[in-house]
Amino acid sequence: IGVDVSHTAPGGTSPSTAAMTMSVDKDATRYAALVETNGYRVEMLTPGNMRMMFGSLLEQWKVNHPGKLPAHVMYFRDGVGEGQFAYVIDQEIAEIKNFLREKLPAKAPLPKFTVIVATKRHHIRFFPQKGDKNGNPLPGTLVEKEVTHPFMFDFYLSSHVAIQGTARPVHYHVILDEMGMPINDLQ
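Below is the structure:
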């Protein structure tokens, strides 16, 4: 699942827009998505939006997996700062789990969740000894030591070539991993 909320320019009067996308097949090659208004400049998904969007997308997932529920949910969240990480787990993930508890049979186990926050609004740049023609890291470059948080599980990944200028890597924070995935597999 991928979630993001976008806002109008400062001073604009339009509401924020929440988007959720979900892989609906076993190979993660087909996706379904929903977009909904989310209040004015509200970064966190409202409980109503979370339930409606997740519920609708889960129904599309079930079409390809009759009679089953996912065993593992990877939840990618964009656009939240470190001060909002707890809210993502305590509100957004909790709302999904509450929704599933209501819909599942009484003794059915909940899926295990891995929650990853992806941010690009940072000032970290990498300049490798050997890079592309602009001196940027090659796509797939992973940085997991030296410039990461001393005790949180985070890493940087360069995902694309910059057409011009300096490429900005994505900073990933794994804020919940109930599956206990091996680090190399997760990255």
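According to the working numbering, the sequence shown is numbered sequentially starting from 16. Even for Gly, the Cβ is constructed at its ideal location relative to N, Cα and C.
| Asked | Found |
| --- | --- |
| Cβ neighbours of Val158 in the same chain (closer than 6 Å, five flanking residues each side left out) | Tyr171 |
| Lys145 in three-state terms, based on DSSP | coil |
| Integer-rounded CB distance, given that Val103 should sit under 8 Å from Asp147 | Rounded, the Cβ-Cβ distance is 34 Å, inconsistent with contact. |
| 8 Å contact criterion, which Pro184 and Phe141 should meet: CB distance rounded | 6 Å |
| Proximity below 7 Å, CB of Glu107 to CB of Met65 | yes |
| Met157 (DSSP reduced to helix, strand or coil) | For clarity, residue 157 is Leu in the given sequence; the question names Met instead. Correct three-state label for Leu157: strand. |
| Contact with chain C by Gly155, beta-carbon distance below 7 Å | Absence of chain C from the displayed structure is noted, only one protein chain being present. |
| Length of the line joining the Cα atoms of Leu115 and Ile178 | 43 Å |
| Where the alpha helix (DSSP H) containing Phe69 begins and where it ends | 62-79 |
| Whole-Å CB distance - Ala133 paired with Phe91, under 8 Å assumed | 6 Å |
| Contact under 7 Å by Cβ, Thr28 with Val50 | no |
| Same chain, Cβ closer than 6 Å to Tyr55, five either side skipped, listed in chain order | Pro30 |
| Close Cβ partners of Phe100 (< 8 Å) along its chain, the five nearest in sequence each way excluded | Val132, His188, Ile190 |
| Alpha helix (DSSP H) runs contained entirely in the segment 35-61, provided each spans 4 or more residues | none |
| Bridge-paired residues (DSSP) for Thr23 | Its beta-bridge partners do not exist; DSSP assigns none. |
| CB of Asn62 within 7 Å of CB of His87, strictly | Looking at the sequence shown, residue 62 is not Asn but Pro. No, the Cβ-Cβ distance between Pro62 and His87 is not below 7 Å. |
| Buried or exposed by the 16-neighbour rule on C-beta atoms within 10 Å, applied to Val18 | buried |
| Met59 versus Thr23: straight-line alpha-carbon distance, rounded | 15 Å |
| Distance between Asn149 and Asp192 (C-alpha atoms, nearest Å) | 36 Å |
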